[in-house]
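Peer 1: Below is a structure I'd like to ask you about.
Residue numbers (our numbering), protein chains in the order written: chain A, -2 to 313; chain B, -2 to 313.
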């Protein structure tokens, strides 16, 4: 994904530290779930210090990982905005007029904002991926047979949810395009107000035939996207209950599984639900962000192609 | 919260249907968790049809609830944008100049966008609250003693996390104010480009003394907010493990609790973690949205106070 590349380019060292501490945090979470499972089945004693130790490690590694990513992401947005501003200021006037003030403004504000919203959630996504990986390792250690069933099921789940998300993404792209048009109309209001004030008929026409049409179309595309998305959300909940149902009722008829393993499995999968759902719920924001990033890149290329003068200005 | 009021005003019936179906979905989720617990302890047989039935009810009520809220929220944004546009068009020119084109533009685009992002997540939050309520009822039924411990713990958890979130909210407000200023600078670029082009010194000064300063300040406030927020996230993870640790290791020394009740409790709390964390993670977006909504309201009041002419235009 482009967003990851943006951060890697800013500082691969910070990304590496964040990923490493994130992985430690996720691994310890899985370890703690394993500990809870063995405490539930009453197999071990004197677990208090294990609990405290793992809890503290999770707390600090989570924070460290997020701090690094937060700093990095905010820096990336900051220098992106400055570089774009500088590129606009050093482009020929004629070229800027061709690009249009509304497109420039939309890129500087809305696209940068969308991007900033996505980098906001990136840190938690990384921790979530780490937790999922850690728990999967633990599940494979618990029982190979159940692990294979879970993995096959997970692959089917991801494929079907991905299909829904792709459809949602298409609608979101359409909504975004329509919002560009809406943005242009808003600009007509704030800039062309004098002209609109003079002509009452033109004003009515503008409201009902241009602005309202764009606003309605953008609403419709957003509704379609969010609906597809809601179906995906309900579907993923269903899938969780289906796999638990299969493990509890179906599997014991096929192979013999110890009841303690089964309950450990179900607790782990229930715990996995949090990061799994979190990632699925937040993916649309990434899609929006990658659309925005593409728009920003396109704008920068368009500006660079007509670079007029180079100035000594470094955003740092 | 203002956002809820915005939706209630749009259609209390739709909100009522969404809340009702959401509650059914949440209640069934709790029921299904209870079913899983009794299946794990092997107390009941022939559960397949219960599983299938509850799963289907959850799937459809989740979707219905979200569909209603999605439609409502998108309609609210749509008519908000149209009403604002119309209010601007029917305000006296002199008054609009006092308000400033950049503030008008920021309200029409960025604030409306932030609001739209928040209503995007509102449906899932409602389902999450319903799941939490349902699970709490189930927990109280399982064991009154453990329930009281959980509730006291939950209250402490919410209070401490709320404290962190309030601090994060303050920083986010500062960041938002700074971004208004940044917006103004972007507008200077797109609109005042001709003047900036003519004066190389003025251009350098603008970049390094105005735009860069605002961008840096907004980055700093965002970093502070997100860091506080990451601490809250790590803290809430710690709290989950603390309560599980207490239930497993501490409680059995104080009162006698059946091991099957304890494992049912832990599975339920692990399942609760998903909606609980989801709500906590998404609260900042609501804070942003309520700031934006206040700005929009202020703008609308400012426009209404100087209403010049009333036009026959109804956004529907």
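Just so it is clear, CB atoms sit at the ideal spot from N, CA and C, and this is done for glycine as well.
Under 8 angstroms: do the stretch 164 to 171 of chain A and the stretch 209 to 222 of chain A share three or more Cβ pairs, one atom per stretch?
Peer 2: In short, these stretches touch, since the Cβ pair count reaches three.
Peer 1: Express the C-alpha separation of residue 253/A and residue 268/B in angstroms, rounding to a whole number.
Peer 2: Going by the C-alpha atoms only, they are around 26 angstroms apart.
Peer 1: Got a sec, what are the start and stop residues for the alpha helix (DSSP H) residue 11/A sits in?
Peer 2: Looking at the DSSP string, the run of the alpha helix (DSSP H) that includes residue 11/A is 9 to 37.
Peer 1: On the premise that residue 132/B lies in contact with residue 19/B, defined as a C-beta separation below 8 angstroms, what is that separation, rounded to the nearest angstrom?
Peer 2: Residue 19/B to residue 132/B, Cβ: 14 angstroms. No contact.
Peer 1: To which residues of the same chain is residue 30/A closer than 6 angstroms at the C-beta, ignoring the five residues directly before and after it?
Peer 2: If we look at residue 30/A and ignore the five residues flanking it on each side, its Cβ neighbours are 265, 268.
Peer 1: For residue 196/A, report the span of its alpha helix (DSSP H) as first-last.
Peer 2: Careful: residue 196/A lies outside any alpha helix (DSSP H) and carries neither H nor E.
Peer 1: How far does the alpha helix (DSSP H) with residue 214/B in it reach, from first residue to last?
Peer 2: First-last of the alpha helix (DSSP H) with residue 214/B: 209 to 242.
Peer 1: Under the rule that 16 or more other beta-carbon atoms within 10 Å means buried, what is residue 306/A, buried or exposed?
Peer 2: Caution is warranted here: a pLDDT of 47 is assigned to residue 306/A, below 50, making its placement in the model unreliable, and the coordinate value is therefore given only provisionally. With fewer than 16 Cβ atoms within 10 Å of its Cβ, residue 306/A is classed as exposed.
Peer 1: Apply the 10 Å Cβ neighbour rule to residue 295/B and answer buried if 16 or more other Cβ atoms are within range, or exposed otherwise.
Peer 2: Exposed, by the Cβ-count rule.
Peer 1: So that I know if they touch, is there some Cβ in chain A lying closer than 8 angstroms to that of residue 296/B?
Peer 2: No, residue 296/B does not count as interfacial toward chain A.
Peer 1: Short of 8 angstroms Cβ to Cβ, which residues in the stretch 221 to 234 of chain A face chain B?
Peer 2: Listed by position, the residues of the stretch 221 to 234 of chain A near chain B (Cβ gap below 8 angstroms) are 223, 224, 227, 228, 230, 231, 232, 234.
Peer 1: Give the interface partners of residue 210/B over in chain A, defined as CB-CB distance under 9 angstroms, in chain order.
Peer 2: Residues of chain A passing the Cβ test: none, with the nearest at roughly 11 angstroms.
Peer 1: Give the straight-line distance between the Cα atoms of residue 195/A and residue 187/A, rounded to the nearest whole angstrom.
Peer 2: Computed Cα separation, rounded: 14 angstroms.
Peer 1: Need the endpoints of the alpha helix (DSSP H) that residue 146/A sits in, please.
Peer 2: Run containing residue 146/A: 141 to 188, per the alpha helix (DSSP H) assignment.
Peer 1: Between the beta-carbon of residue 180/A and the beta-carbon of residue 103/A, is there less than 8 angstroms?
Peer 2: Yes; because the gap between Cβ atoms is below 8 angstroms, this pair is in contact.
Peer 1: Buried or exposed, going by whether 16 or more other CB atoms sit within 10 Å of the CB of residue 240/A?
Peer 2: Residue 240/A comes out buried.
Peer 1: Would you check if the distance between the CB atom of residue 218/A and the CB atom of residue 286/A is smaller than 8 angstroms?
Peer 2: It is not a contact, given that the beta carbons lie outside the stated cut-off.
Peer 1: Among residues of its own chain, excluding the 5 on either side of residue 61/B, which ones have a beta-carbon nearer than 7 angstroms to its beta-carbon?
Peer 2: Taken in chain order, the residues that qualify are 18.
Peer 1: Can you tell me whether residue 302/B is buried or exposed, with buried defined as 16 or more other CB within 10 angstroms of its CB?
Peer 2: That one is exposed.
Peer 1: Provide the residue span of the alpha helix (DSSP H) that contains residue 59/B, from first to last.
Peer 2: Note, residue 59/B: alpha helix (DSSP H), 45 to 86.
Peer 1: For residue 215/B, which residues of its own chain have a beta-carbon under 7 angstroms away from its beta-carbon, when the five flanking residues on both sides are left out?
Peer 2: Counting only Cβ-Cβ distances below 7 angstroms, and skipping sequence neighbours, we find 172, 175, 176, 179.
Peer 1: For chain A, find out if any of its Cβ atoms is closer than 8 angstroms to the Cβ of residue 37/B; answer yes or no.
Peer 2: So, interface residue.
Peer 1: In the DSSP assignment, the alpha helix (DSSP H) including residue 94/B goes from what residue to what residue?
Peer 2: Segment 90 to 96, the alpha helix (DSSP H) holding residue 94/B.
Peer 1: For residue 11/B and residue 114/B, what's the separation of their Cα atoms in angstroms?
Peer 2: So the two alpha carbons sit approximately 20 angstroms from each other.
Peer 1: Straight-line CA distance for residue 78/B to residue 212/A?
Peer 2: Cα-Cα distance, rounded: 8 angstroms.
Peer 1: Once the 5 residues before and after residue 140/B are set aside, which same chain residues still bring their CB inside 6 angstroms of it?
Peer 2: Excluding residues within five positions, the ones whose Cβ falls inside 6 angstroms are 258.
Peer 1: Which term fits residue 55/B, buried or exposed, when burial requires 16 or more other beta carbons within 10 angstroms of its beta carbon?
Peer 2: By the neighbour-count rule (16 or more Cβ atoms within 10 Å), residue 55/B is buried.
Peer 1: What is the rounded straight-line gap between the Cα of residue 109/A and the Cα of residue 183/B?
Peer 2: Residue 109/A and residue 183/B: Cα-Cα distance of roughly 12 angstroms.
Peer 1: With a threshold of 16 other CB atoms inside 10 Å of the CB of residue 43/B, please say whether the residue is buried or exposed.
Peer 2: So residue 43/B ends up on the exposed side.
Peer 1: Skipping 5 residues on each side, what residues in its chain have a beta carbon closer than 7 angstroms to that of residue 190/B?
Peer 2: There are no such residues.
Peer 1: Any Cβ of chain A within less than 8 angstroms of the Cβ of residue 301/B?
Peer 2: Chain A contact via Cβ: absent.
Peer 1: Taking the CB atoms as reference points, tell me whether residue 283/B and residue 3/B lie closer together than 8 angstroms.
Peer 2: Result no, Cβ atoms of residue 283/B and residue 3/B do not sit closer than 8 angstroms.
Peer 1: For residue 132/A and chain B, any beta-carbon pair shorter than 8 angstroms?
Peer 2: It does not: the Cβ of residue 132/A has no partner Cβ on chain B nearer than 8 angstroms.
Peer 1: If we define contact as Cβ-Cβ less than 8 angstroms, is residue 275/A a contact residue for chain B?
Peer 2: It does: the Cβ of residue 275/A has a partner Cβ on chain B nearer than 8 angstroms.
Peer 1: Which one of 246/B, 207/B, 236/B has the shortest CA to CA distance from residue 156/B?
Peer 2: When each option's Cα is compared against that of residue 156/B, the closest is 236/B.
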